[in-house]
Amino acid sequence: MAKAYVLVNTEMGKEEDVLRALKQIPYVTEAYIIYGVYDLIAKVESDSLEKVKETVSARIRRLEGVRSTLSMIVVEP
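Sequential numbering of the sequence shown, starting at 3, is according to the numbering used here.
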C-alpha cells in the first residue's frame, strides 16, 4: 500500500471549502484542518505510488483555493 501525507496551504478563509473538496477525492482517506505553517493535512492511500502521485498532482494541487502543497511519501520497511 502506497501512502502519503500532504500538507496544504489555502487562500485565507478557504480552509473549510478545500477540506470539503479534499474529502471527495478518491484515495484521500483522511483530511483535517490544522494550525501552524500549513492549513490542512490529507492522507492519501492507494495500491500504487503512481496513483498517489497522480492524486496529489492532478487533483489536490488543482483545487480552487489551494496555494501550495508539501507531500511526504511514507516509506515502510
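Heads up, the beta-carbon is just placed ideally off N, CA and C, and yes, glycines get one too.
Excluding its 5 nearest sequence neighbours in each direction, residue 6 has C-beta neighbours in its own chain below 7 Å: 46, 54, 58, 73, 74, 75, 76, listed in chain order. Counting along the chain, residue 45 sits inside the beta strand (DSSP E) bounded by residues 42 to 48.
In the DSSP assignment, residue 9 falls within the beta strand (DSSP E) that extends over 4 to 12. As the crow flies, the alpha-carbon of residue 33 is around 14 Å from that of residue 71. Note: residue 72 is bridge-paired with 9 in the DSSP secondary-structure output. A Cβ-Cβ distance of about 10 Å is found for the pair residue 36 and residue 21, leaving them out of contact under the 8 Å criterion.
Residues of the same chain with a CB within less than 6 Å of the CB of residue 31, apart from the 5 flanking positions on each side, are 45, 47 in chain order.
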